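Down below is the structure, laid out as structure tokens.
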Amino acid sequence: MDNPSSFSLGLVLKTFFFGSILPVVILVSWMLCTGALKASNTVIMLGVPLFALASALGLWWLLGKRHHLTWADLGFVRPRRSLWHLLWGIPVAMILSVTIVGLVSTGLGLKPAGGEQTKQIIESGISLPVLLIIAVVADLVIPFLEEVMFRGVLFGFFRTRIGAVKAVLVAGVIFALFHVQPTIMLYVLPWGLAVTAMRAWLDSTGASCIMHVFNNTAVTAIAVVSLQ
């Protein structure tokens with residue numbers, strides 16, 4: 667049985683292949699074969715759940731069935747400190763990120779992405795039940811899967827090799843880079859560093875998962891309110 671102290675680079679690479687790269691390939695192949703790429707509503711309705719399903723199955727097979735990792739191996743354990751610390755950790759992480767985005771965007775003349783993608787989904791004319799399904803996937807399922815990959819496997823790998831502090835920096839930066847779009851990365855970088863730091867301090871991936879879910883849900887809620 668594997669454990670965090672024996673996470674190999676190969677396991678990290680396979681985790682991101684089965685949890686991210688392969689699901690993207692499956693999604694793109696589905697779009698090309700069905701012509702869904704030409705219908706934005708179809709991509710939104712089925713694309714997000716399909717990606718999440720492929721990612722979940724890939725991670726389940728690789729980490730659970732293939733390497734026999736337990737939830738504890740991935741950091742889903744009782745936190746070392748009280749989860750009440752999230753009451754200040756969550757707002758601090760979000761306020762810090764929003765402030766940095768505002769300062770950098772103003773200085774460089776960039777337009778913050780914020781919840782633009784969420785707004786586009788809401789404005790696309792998709793029915794309410796489908797919107798709710800997408801919201802559950804985007805705000806609950808995908809954050810959980812990302813936490814398994816980034817704060818579970820990736821952070822666990824680096825922590826045993828370069829120490830917790832450096833692991834927070836490296837894992838946080840890689841997490842931001844995976845979001846590709848520069849204006850989104852502006853927010854995700856400080857937020858990801860703060861969340862990874864909290865994961866290290868509380869010593870629980872479950873804690874960072876709660877922060878991640880709250881952040882995504884808040885972004886969705888803000889986008890909905892702004893359209894009223």
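The numbering used here applies: residue 667 is where the sequence shown begins, and numbers increase by one. Just so it is clear, CB atoms sit at the ideal spot from N, CA and C, and this is done for glycine as well. All of these numbers come straight from a predicted model, not from anything done at the bench.
Opening and closing residue of the alpha helix (DSSP H) in which residue i lies
| i | result |
| --- | --- |
| F824 | F821 to I828 |
| F898 | The structure shown has nothing for residue 898, since the chain only spans 667 to 894. |
| M864 | P848 to L868 |
| I800 | L794 to V802 |
| W696 | L688 to T700 |
| E813 | It is not in any alpha helix (DSSP H) - E813 carries neither H nor E in the DSSP assignment. |
| K680 | L675 to F682 |
Neighbourhood of residue i by C-beta, 6 Å cutoff - its chain only, sequence neighbours within 5 removed
| i | result |
| --- | --- |
| W857 | A759 and S763 |
| N881 | none |
| V854 | A842 and H845 |
Option in the options with minimal Cα separation from residue i
| i | options | result |
| --- | --- | --- |
| L678 | A842, A889, A837 and M851 | It should be noted that the sequence gives Val, not Leu, for residue 678. Here the closest residue by C-alpha is A837. |
| R732 | G755, T681, P715 and W750 | T681 |
| T886 | I799, A842, A866 and M815 | I799 |
| A804 | V879, F683 and V814 | V879 |
| L728 | I808, V814 and L868 | V814 |
| S874 | T772, W750, T826 and G768 | W750 |
| V807 | H734, P689 and P715 | P715 |
| A830 | W867, H845, V846 and F816 | W867 |
| W737 | V819, I888 and T883 | V819 |
| F673 | T883, L740, L794 and C699 | L740 |
| V861 | W696, I888 and V839 | V839 |
| L794 | V890, L752 and F841 | V890 |
| G773 | I888, T849 and L859 | T849 |
CB-CB length for residue i against residue j, believed under 8 Å
| i | j | result |
| --- | --- | --- |
| V796 | M711 | 5 Å |
| S870 | P745 | 4 Å |
| L852 | I766 | 7 Å |
| G872 | F742 | 5 Å |
| G713 | L693 | 6 Å |
Own chain, CB closer than 8 Å to residue i, minus 5 neighbours either side, in chain order
| i | result |
| --- | --- |
| L675 | F823 |
| L811 | G685, A718, S721, A722 and L725 |
| K832 | F824 |
Cβ-based neighbour list, residue i, same chain, cut-off 7 Å, excluding 5 preceding and 5 following
| i | result |
| --- | --- |
| G755 | M864 and M877 |
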